[in-house]
Amino acid sequence: MNSSRVLRELKGKRLLGYTLGNFGISLLNVFTGSFTFQFYVYTINLDPALASIGGSFNIFISAFFSIVFGVIIDNKKPGKRGKRRPFLLYALPFWIITSIIIWFPPWYSPANNSLYLPTAVYFWIVSVIRALSGTLILNTYLSMLPEQSQTLENRHSVASLRAFFMIVASVVSLLLPLLIQSLLPDPQNVKHYDESGKIILFYIPLIGIIFACIGLIAVLTIYFSVDESFHVYNSNFDKKKVTLRETFKQMAQPAKDYKFRNLVFVGFFMGISGSIFGFLIFPFQIYLLKFTKAEFLIYVIISLSGKLGWYFIWRVVKRKKSLTSSYSLALTFAAVVAFTDLLFLLSNLPYILKILLYVVSFGTILGTNYSVPLFGIPLSATLIQEAAIEQDASNVDETISNISGSYNGYSMFIGSLGGAFSSILIGLLLTGANQRNPIIITLLFSSQCIFYLIAVFFLRKVKIETPIIPDETLLFKSQ
């Protein structure tokens with residue numbers, strides 16, 4: 020084994036394996052996140068308030084534990100399997116099993132009782148377990164990056180590949196459900212006792228099982244692609260006995276970091292916008308545009324072309340402008356486009372103009388949302404590295420290892436609160452007859468512009484510097 024004193028980078032098979040793992044995680048999460056609300060409300064017949072409030076409660080629990088898990092991971096003593104990698108295996112069985120059984124509720128809400136509690140309780144319990152295990156996997160995955168990739172150039176490479184795989188995963192994850200929608204004889208009536216509902220009850224769980232298997236392979240790919248042997252070369256790593264008070268102090272540390280806190284607030288408002296879009300994808304097409312049959316497949320074309328098109332555009336912009344400037348431009352552009360969705364309120368808007376507006380709006384918002392990793396990943400990792408240098412420039416490697424989990428946990432915590440907020444908002448507003456109200460759906464969809472602009476406000480407060488790591492802290496890389 021030869022060693023050279025260079026900063027660690029993810030390259031070759033390790034880069035591909037680490038980023039490809041994100042494909043499977045995103046595939047399962049996008050599919051489940053986008054379709055469970057639709058599945059339980061419109062097919063299982065659960066009241067939207069129960070689905071959203073219960074789901075939001077689950078999000079609050081997982082949000083809190085995202086910080087707790089981060090602290091636990093940071094304080095784990097490295098073993099022969101590494102420091103963070105083992106947590107992937109701890110959470111994996113629970114995540115996979117709940118991702119499957121969530122599509123098989125033992126009770127359906129009766130036609131005359133959408134407030135049926137057995138169905139709601141089952142959904143809540145399974146969602147909580149899935150959210151907690153998924154949070155542990157995602158926190159572990161994200162907190163690895165500042166240790167595995169320690170140059171800004173390499174982080175850009177990681178961000179580009181992760182964004183690309185997320186785009187592909189998002190297209191595939193909704194392609195199959197949309198194909199099923201196009202086969203339904205009556206897309207507006209899909210309760211479990213309807214003919215269309217019975218088709219959904221057969222195919223959607225089947226898709227869920229397939230995606231869960233891909234998610235399983237993805238997490239194992241990450242596990243075997245990440246090399247944490249560098250811990251062996253650092254004799255300073257030691258498991259610390261952390262008191263409850265010290266644990267909460269460590270949890271609060273990233274919240275005191277001014278720049279990182281503002282970046283996290285950007286994620287909070289982006290989380291609100293993203294959840295609004297995800298919850299309304301199917302109601303928007305069914306009850307506002309009144310799509311049937313092959314019309315649902317228009318979304319697939321928009322999704323693929325919009326995401327890939329804007330992905331390449333924002334990559335070019337990012338090379339010519341700073342990270343924060345290009346990020347702000349992307350969010351501002353999405354805000355303007357989201358505002359134009361108010362035109363759907365015009366009752367006499369011709370069909371061809373509706374489709375054109377739909378293509379431009381969905382394509383731009385999707386393209387912006389899925390280009391966010393191009394900016395957010397290197398920004399977050401760089402700010403964590405800056406914080407490590409500020410805390411202890413004599414041993415940056417150990418400091419990053421001790422704070423990366425809590426920083427990413429805090430980011431996930433605040434981001435999850437954004438999703439919880441939008442879940443409650445949508446659930447309460449879509450209760451009863453509003454489930455099919457095109458005006459309510461349009462106003463909710465257009466509200467994304469407000470949250471994009473607020474995100475830009477906080478993003479402009481983030482100024483990054485080029486972290487300079489002292490020579491004596493340069494890390495060994497195994498060859």
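Numbering (this note's numbering), first residue to last: 20 to 498. Even glycine gets a Cβ: it sits at the ideal position worked out from N, Cα and C.
Can you name the start and end residues of the alpha helix (DSSP H) that residue i belongs to?
{"i": "Arg27", "result": "Unbroken run through Arg27: none, as it is neither H nor E."}
{"i": "His175", "result": "Leu171 to Leu202"}
{"i": "Arg280", "result": "Tyr277 to Pro302"}
{"i": "Leu308", "result": "Taken as a continuous stretch (DSSP letters only), Leu308 belongs to no alpha helix (DSSP H), as it is neither H nor E."}
{"i": "Arg334", "result": "Ile317 to Lys339"}
{"i": "Gly234", "result": "Glu214 to Ser244"}
{"i": "Phe142", "result": "Leu136 to Gln167"}
{"i": "Lys373", "result": "Tyr370 to Asn388"}
{"i": "Arg104", "result": "Arg104 to Ile120"}
{"i": "Val356", "result": "Leu342 to Phe358"}
Does the beta-carbon distance from residue i to residue j come in below 9 Å?
{"i": "Val177", "j": "Leu29", "result": "yes"}
{"i": "Tyr127", "j": "Asn41", "result": "no"}
{"i": "Ile483", "j": "Thr401", "result": "yes"}
{"i": "Glu214", "j": "Pro97", "result": "no"}
{"i": "Ile186", "j": "Tyr318", "result": "no"}
{"i": "Trp579", "j": "Phe284", "result": "The shown model of the chain, from 20 to 498, leaves out residue 579, and the question about it has no answer."}
{"i": "Gly434", "j": "Ile91", "result": "no"}
{"i": "Ser146", "j": "Asn77", "result": "yes"}
{"i": "Arg103", "j": "Glu166", "result": "yes"}
{"i": "Arg27", "j": "Ser179", "result": "no"}
{"i": "Ile295", "j": "Leu444", "result": "yes"}
{"i": "Ile371", "j": "Ala231", "result": "no"}
{"i": "Ala182", "j": "Tyr277", "result": "no"}
{"i": "Ile115", "j": "Gly36", "result": "no"}
{"i": "Val391", "j": "Gln404", "result": "no"}
{"i": "Gly43", "j": "Ala188", "result": "yes"}
{"i": "Leu449", "j": "Ser133", "result": "no"}
{"i": "Ser45", "j": "Tyr429", "result": "no"}
Rank the options by C-alpha distance to the C-alpha of residue i and give the top, closest one.
{"i": "Asn208", "options": "Pro302, Arg149, Ala150 and Gly101", "result": "Pro302"}
{"i": "Val8", "options": "Ala271, Lys210, Met289 and Arg33", "result": "Within the shown structure, residues of the chain are numbered from 20 to 498, placing residue 8 beyond reach of any answer."}
{"i": "Met431", "options": "Val187, Phe79, Ile44 and Lys32", "result": "Phe79"}
{"i": "Leu220", "options": "Leu235, Pro196 and Tyr242", "result": "Pro196"}
{"i": "Ile374", "options": "Ile320, Tyr330, Arg334 and Thr387", "result": "Ile320"}
{"i": "Gly52", "options": "Ile144, Phe243 and Leu299", "result": "Leu299"}
{"i": "Trp143", "options": "Ile156, Thr117 and Tyr160", "result": "Thr117"}
{"i": "Thr383", "options": "Ile403, Tyr429 and Phe358", "result": "Phe358"}
{"i": "Ile396", "options": "Arg100, Leu342, Trp114 and Leu39", "result": "Leu342"}
{"i": "Phe58", "options": "Gln200, Gly31 and Ser81", "result": "Gln200"}
{"i": "Pro206", "options": "Ile44, Arg455 and Leu462", "result": "Arg455"}
{"i": "Gly438", "options": "Gly43, Tyr160, Ser75 and Gly328", "result": "Ser75"}
{"i": "Leu136", "options": "Ile371, Tyr37 and Pro67", "result": "Pro67"}
{"i": "Phe83", "options": "Ala150, Tyr109 and Ile241", "result": "Ala150"}
{"i": "Ser441", "options": "Thr138, Met289, Leu472 and Phe363", "result": "Met289"}
{"i": "Asn48", "options": "Phe310, Ile226 and Lys480", "result": "Ile226"}
{"i": "Ser465", "options": "Leu327, Leu362 and Ala110", "result": "Leu362"}
{"i": "Ser504", "options": "Leu193, Leu385, Tyr471 and Phe470", "result": "Here the chain comprises residues numbered 20 to 498, so residue 504 is not present and cannot be evaluated."}
Tell me whether residue i is buried or exposed, calling it buried when 16 or more other Cβ atoms sit within 10 Å of its Cβ.
{"i": "Arg338", "result": "exposed"}
{"i": "Ser254", "result": "A caution first: Ser254 carries a pLDDT of 47, below 50, which makes its placement in the model unreliable, though a value can still be read off. Exposed, by the Cβ-count rule."}
{"i": "Val87", "result": "buried"}
{"i": "Pro129", "result": "exposed"}
{"i": "Val355", "result": "exposed"}
{"i": "Leu478", "result": "buried"}
{"i": "Asp93", "result": "buried"}
{"i": "Asn421", "result": "buried"}
{"i": "Thr154", "result": "buried"}
{"i": "Tyr308", "result": "In the sequence on display, residue 308 carries Leu and not Tyr. With 16 or more Cβ atoms within 10 Å of its Cβ, Leu308 is classed as buried."}
{"i": "Gln498", "result": "The predicted position of Gln498 is uncertain, since its pLDDT is 29 and thus under 50; no value can be drawn from it."}
{"i": "Gln467", "result": "buried"}
{"i": "Ser292", "result": "buried"}
{"i": "Gly31", "result": "exposed"}
{"i": "Pro112", "result": "exposed"}
{"i": "Thr38", "result": "buried"}
| What are the complete alpha helix (DSSP H) segments, minimum 4 residues, inside the segment 409-485? | 415-448, 457-465 and 467-478
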